[in-house]
Amino acid sequence: MRHLYTISELTQMFDITTRTLRYYEEIGLILPKRRGTQRLYSQADRARIQLILRARRLGFGLEEIRELLELYDTDPANVTHLEDVLNRGNRKIREVEKQLDDLEALRAELLDVRDRILQALDERQTEAAESHPVNPQLRERRAQWLIK
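FYI, in the UniProt record's numbering the residues of the sequence shown are 1 to 148.
1. So for Leu53, helix, strand or coil by DSSP?
2. Can you confirm whether the segment 1–10 touches the segment 24–43 when touching is taken to mean that 3 or more C-beta pairs between the two stretches lie within less than 8 Å?
3. Is it a yes or a no for the segment 57–68 touching the segment 87–103, going by three-plus beta-carbon pairs under 8 Å?
4. What are the start and end residues of the alpha helix (DSSP H) that includes Leu40?
5. Under the rule that 16 or more other beta-carbon atoms within 10 Å means buried, what is Asp112, buried or exposed?
6. In whole angstroms, what separates the C-alpha of Leu69 from that of Thr18?
7. Quick check: the Cα distance between Asn90 and Glu123, rounded to an integer number of angstroms?
8. Looking at the structure shown, is Thr18 part of a helix, part of a strand, or coil, going by DSSP?
9. Could you check the C-alpha separation between Glu64 and Tyr41 for me, to the nearest Å?
10. Using only the alpha-carbon positions, how far apart do Arg66 and Leu29 sit?
11. Do Leu21 and Arg46 count as a contact pair if the criterion is CB distance below 8 Å?
12. Using beta-carbon positions only, say whether Phe14 and Leu51 come within less than 8 Å of one another.
13. Considering only DSSP beta bridges, list what Thr6 is partnered with.
14. Would you call the CB atoms of Gln71 and Asp84 closer than 8 Å?
This is the structure in structure tokens:
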């Protein structure tokens with residue numbers, strides 16, 4: 001006999017909410033069987049949920065996931081399907097690489113701004129120290145702060 005999963009079992013298994021599973025059902029990504037009001041999920045449903053969640057983690061939108069699932073449902077051994085999945089994956093890789101480049105540029109800008117602020121603070125503190133006698137404890141605290 002094939003094992004069927006309840007909504008509770010799958011939410012615990014995948015650490016997701018019942019609302020998430022119901023939503024995936026509502027938009028047609030999964031179609032569990034029903035026994036009265038209880039939803040029962042097959043091994044195939046479980047595999048689809050796992051695929052949906054993996055695709056979401058990789059940044060695919062729900063419509064992209066629907067298209068992938070439709071292709072999978074038509075003929076999973078089809079070369080055209082595999083090429084399409086490969087092309088979609090390559091596009092997603094390019095998107096992620098662009099995001100990484102953008103994040104690295106933002107990081108460089110933030111580091112530059114931080115360095116300029118630290119330099120300005122250091123100059124002002126040096127000016128203040130030269131115009132006022134500095135006690136050794138303050139000088140030590142200032143040195144520690146600049147190291148951070």
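C-beta: ideal position from N, C-alpha, C; glycine also.
With the given structure in hand:
1. Reduced to three states, the DSSP call for Leu53 is helix.
2. The count of Cβ pairs closer than 8 Å, one atom from the segment 24–43 and one from the segment 1–10, reaches three, so the stretches are in contact.
3. With a cut-off of 8 Å, the segment 87–103 and the segment 57–68 count as touching, because enough Cβ pairs lie within range.
4. In this chain, Leu40 is not harboured by any alpha helix (DSSP H); it is covered by the beta strand (DSSP E) spanning Gln38 to Tyr41.
5. Counting C-beta atoms within 10 angstroms of its own C-beta, Asp112 has fewer than 16 neighbours from the protein chains shown and is therefore classed as exposed.
6. Between Leu69 and Thr18, the C-alpha separation is close to 21 Å.
7. The alpha-carbon atoms of Asn90 and Glu123 are separated by roughly 49 Å.
8. Residue state, collapsed to three classes: helix.
9. Distance between the alpha carbons of Glu64 and Tyr41 is about 23 Å.
10. Cα to Cα, the separation comes out at about 6 Å.
11. For the 8 Å CB-CB criterion, Arg46 and Leu21 do not form a contact.
12. Contact: no.
13. Leu40.
14. A small fix is needed here, since residue 71 is Leu in this sequence, not Gln. Yes.
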